[in-house]
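In the working numbering, the protein residues as written are 80 to 750.
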């Protein structure tokens, strides 16, 4: 018989419902502070923490990345295997532990043994793996590592998970519980110390003291701007208003960014606790979580967390008997990139079109519905409970002089181990990409890393040793941003990268101010002309092409200086940074009509190796423009002036006879 529970631990917390009443929570928090816990409660908490288990327990990574890799099918296979063997075991659905490239990830914990983690457990592999572990064996090829287990019998010849190359260099602070605890169980979060900081803050600390502690910690906003969080809270605290609001920005519109989504999916109560503390500190009684509707799993887990917190007296009126009232409303956005800008976000929360407005007044003085408002993103608020728990001095001891604590990055692109990475500020980019990420796969060479999304810039190989720091990144034309890191190898065209981000920004521009609305469109048109070949180009178009090139850099700086909001002001950054570090690629596109990486389709020209070609005619049949000619069983050749560079011939050829040729070889033919 299979036991499927959301928070099964043998103590009655089935389906994620709380085993604690509001009165029990208040008494327990008080007892925790004094160190006088009843024996029965200690045992209950130990079971909730799963220091040991009463029966086999299977943990499946069911975050968005896990589901995308097939974790849903793995879950069905696990249930079927347990049912077939009539075995009793708990199945716990957890969030993403961070190593997305290893999904689906499945952990197994047997009574008396530590929890052990396995990689790429597909529906086909699950039954064999379960059979081996239940027989007391750990398949070496699939194992990631075992957890620490005090008093438990460790698995022999199995490394610790924390020693895995992906996890060993990390400092997991915000992500500490993601992938390890059941996100749908509030009791499990409480058993791991959750909401204790909130209870102590409400009982022992004044709002002013909390603001001062956050400021002392050096915590800066993790959403992009990097403004000191404590200072922002003090501004809102001091602002006059009969009502104040706290808004959590979980919109996360940058391409390649998925940090906030993973935190919510893996530990939603961490965000809830941080928001309640922040609301108490600034004097707000109402909070909003502004989240993109494309995050259905995160939304589902937030809704469940809100309901559990209200039922336990942690949200609503008179929280934990403190006299403080605070509740949270979920507001779903339509995925507009501009709503990442705080004034546009406020307009969207108010039910208006998301468009920025001039500042001042800043939101801390006049924000949502004309009232003082603080906006922080998920990672910023998730930092608050541990800062108060450990003390601001310990948090401030991590990082650099101007950037304290840790930062979560979404590591993606051309890197061996993709996923969520949390490192102390001051860690080098080289360490993140090559030590944690495992370097560039397939023996390719590193070329650049895009940081900060459309508002950021590309960092080249010569600056790989630069530290992750708000100020140092600006010196090379990039920003911290929300934490996206897209790695690119030698097969990436940097002009194409700039064109991609400019196309994204141009489509996402709200259109309110002319510099952003028209300027980004003009830059995109210039980039499109740069990547265009001679085919079908008139003399007038050629003149327009060179005229645009002359003004592109100047236009980018005008947009940067005159746009209304921060998104418009940073929109040209990808162009300016690629121009700065990869000007030779621009010159090759402009003067030689050549794409060194062979990416830009209109600048790609193919040739057929006459010795390899067997005349099978497959390439000619696939060519959409009839550019390939030749008789059957005879070597074919390509008419350069008719070739559009689509690459269909490369895909069709079975003998690798079609080769990419740089354009200078064919320049006279095309002209």
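Ideal placement from N, C-alpha and C gives every residue a C-beta, glycine not left out.
>> Under DSSP, the alpha helix (DSSP H) around residue 409 begins and ends at which residues?
In response: Looking at the DSSP string, residue 409 is not in any alpha helix (DSSP H); the run it does join, the beta strand (DSSP E), is 406 to 412.
> Taking C-alpha atoms, which residue in 195, 303, 307 and 313 lies nearest to residue 328?
Replying inline: Answer by Cα proximity: 303.
> If you run the structure through DSSP and keep just helix, strand and coil, what is residue 501?
Replying inline: Residue 501 sits in a strand when the DSSP states are folded into three classes.
> Can you name, in chain order, every residue of its own chain whose Cβ lies under 8 angstroms from the Cβ of residue 155, other than the five neighbours on each side?
Replying inline: Closer than 8 angstroms at Cβ, skipping near neighbours: 202.
> Is residue 508 buried or exposed, if buried means 16 or more other CB atoms sit within 10 Å of its CB?
Replying inline: That one is buried.
>> Can you give me the C-alpha to C-alpha distance between residue 574 and residue 681, rounded to a whole angstrom?
In response: Near 13 angstroms, if we compare the C-alpha coordinates of residue 681 and residue 574.
>> Between which residues of its own chain and residue 520 is the CB-CB distance below 8 angstroms, once the five residues before and five after are set aside?
In response: These residues qualify, in order along the chain: 493, 494 and 495.
>> Quick check: the Cα distance between residue 482 and residue 334, rounded to an integer number of angstroms?
In response: Distance between the alpha carbons of residue 482 and residue 334 is about 24 angstroms.
>> According to DSSP, simplified to helix, strand and coil, what is residue 394?
In response: Residue state, collapsed to three classes: coil.
>> Nearest by alpha-carbon distance to residue 373: which of 385, 330, 404 and 380 is it?
In response: Among 385, 330, 404 and 380, the Cα nearest to that of residue 373 is on 330.
> Using DSSP with H/G/I as helix, E/B as strand and the rest coil, what is residue 455?
Replying inline: Correct three-state label for residue 455: strand.
> Can you tell me where the beta strand (DSSP E) with residue 225 in it begins and where it stops?
Replying inline: Under the DSSP assignment, residue 225 falls in the beta strand (DSSP E) whose first and last residues are 222 to 225.
>> Three Cβ pairs or more, each shorter than 8 angstroms: is that satisfied between the segment 461 to 474 and the segment 311 to 328?
In response: Contact between the segment 461 to 474 and the segment 311 to 328 is absent, because fewer than three Cβ pairs lie under 8 angstroms.
> Contact between the segment 607 to 616 and the segment 585 to 594: three or more CB pairs below 8 angstroms?
Replying inline: Not touching, per the Cβ criterion.
> What residue range is occupied by the uninterrupted beta strand (DSSP E) comprising residue 564?
Replying inline: 563 to 568 is the extent of the beta strand (DSSP E) around residue 564.
> For residue 564, is the classification buried or exposed, using 16 other Cβ atoms within 10 angstroms of its Cβ as the cut-off for buried?
Replying inline: Under this definition residue 564 is a buried residue.
>> Please identify the residue among 105, 235, 257 and 419 whose C-alpha is closest to the C-alpha of residue 281.
In response: Ranking 105, 235, 257 and 419 by Cα distance to residue 281 puts 105 first.
> What three-state label does DSSP hand residue 692 in the structure shown?
Replying inline: Coil at residue 692, not helix or strand.
> With distances taken between CB atoms, is the gap from residue 353 to residue 463 smaller than 8 angstroms?
Replying inline: In contact: residue 353 and residue 463 (Cβ atoms closer than 8 angstroms).
> If we call anything under 8 angstroms between Cβ atoms a contact, is residue 699 one with residue 707?
Replying inline: For residue 699 and residue 707, yes; Cβs fall inside 8 angstroms.
>> I'd like the list of long-range same chain contacts for residue 82, defined as Cβ closer than 7 angstroms, with 5 residues on each side in sequence excluded.
In response: Residue confidence is low: residue 82 scores 42 on pLDDT, short of 50, so the model does not pin down where it sits. Its coordinate-derived value is still stated next. Excluding the 5 residues flanking it on each side, residue 82 has same chain C-beta neighbours closer than 7 angstroms at 167, 168 and 169, in chain order.
> Between which two residues does the alpha helix (DSSP H) carrying residue 180 extend?
Replying inline: Premise fails: residue 180 is in no alpha helix (DSSP H) and is neither H nor E.
> What are the boundary residues of the alpha helix (DSSP H) that residue 371 is part of?
Replying inline: Here residue 371 belongs to no alpha helix (DSSP H); instead the beta strand (DSSP E) covers 365 to 371.
> Hey, would you say residue 557 sits closer than 8 angstroms to residue 530, going by beta carbons?
Replying inline: Their beta carbons are under 8 angstroms apart, which means residue 557 touches residue 530 by this criterion.
>> Can you give me the C-alpha to C-alpha distance between residue 577 and residue 584, rounded to a whole angstrom?
In response: Taking the straight line joining both Cα atoms gives about 11 angstroms.
>> Rounding to the nearest angstrom, what Cα-Cα distance links residue 369 and residue 410 in this structure?
In response: CA-CA distance, residue 369 to residue 410, rounds to 5 angstroms.
> Roughly how many angstroms lie between the CA atoms of residue 343 and residue 670, to the nearest whole one?
Replying inline: The straight-line gap from Cα to Cα measures roughly 49 angstroms.
> For residue 180, which residues from the same chain have a beta carbon less than 8 angstroms from its beta carbon, with the 5 sequence-adjacent residues on both sides left out?
Replying inline: Cβ neighbours of residue 180 within its own chain (closer than 8 angstroms, five residues either side excluded): 495, 496, 497 and 498.
> Could you give the residue range of the alpha helix (DSSP H) that holds residue 738?
Replying inline: No alpha helix (DSSP H) contains residue 738, which is instead part of the beta strand (DSSP E) from 737 to 740.
> Excluding the five sequence neighbours on either side, which residues of its own chain have a C-beta within less than 7 angstroms of the C-beta of residue 634, listed in chain order?
Replying inline: Taking C-beta separations shorter than 7 angstroms and ignoring five residues to either side along the sequence, the partners of residue 634 in its chain run 598, 601 and 602, following chain order.
>> Counting C-beta neighbours from all protein chains within 10 Å, is the total for residue 655 16 or more, i.e. buried, or is it exposed?
In response: Around the beta carbon of residue 655, a 10 Å sphere encloses 16 or more other beta carbons of the protein chains shown; the residue is thus reported as buried.
> So is residue 734 buried or exposed if we call it buried at 16+ other beta carbons inside 10 Å?
Replying inline: Flag for residue 734 reads exposed.
> Contact between the segment 357 to 367 and the segment 398 to 413: three or more CB pairs below 8 angstroms?
Replying inline: Counting Cβ pairs under 8 angstroms, three or more are found: they touch.
> residue 571: buried (16+ other C-beta within 10 angstroms of its C-beta) or exposed?
Replying inline: With a threshold of 16 other beta carbon atoms within 10 Å, residue 571 meets it and is buried.
> Thinking just about the alpha-carbon of each residue, which of 351, 392, 278 and 737 is nearest to the one in residue 381?
Replying inline: Comparing Cα-Cα distances from residue 381 to each of 351, 392, 278 and 737, the minimum goes to 351.
> Can you tell me whether residue 688 is buried or exposed, with buried defined as 16 or more other CB within 10 angstroms of its CB?
Replying inline: Its Cβ having fewer than 16 others within 10 Å, residue 688 is exposed.
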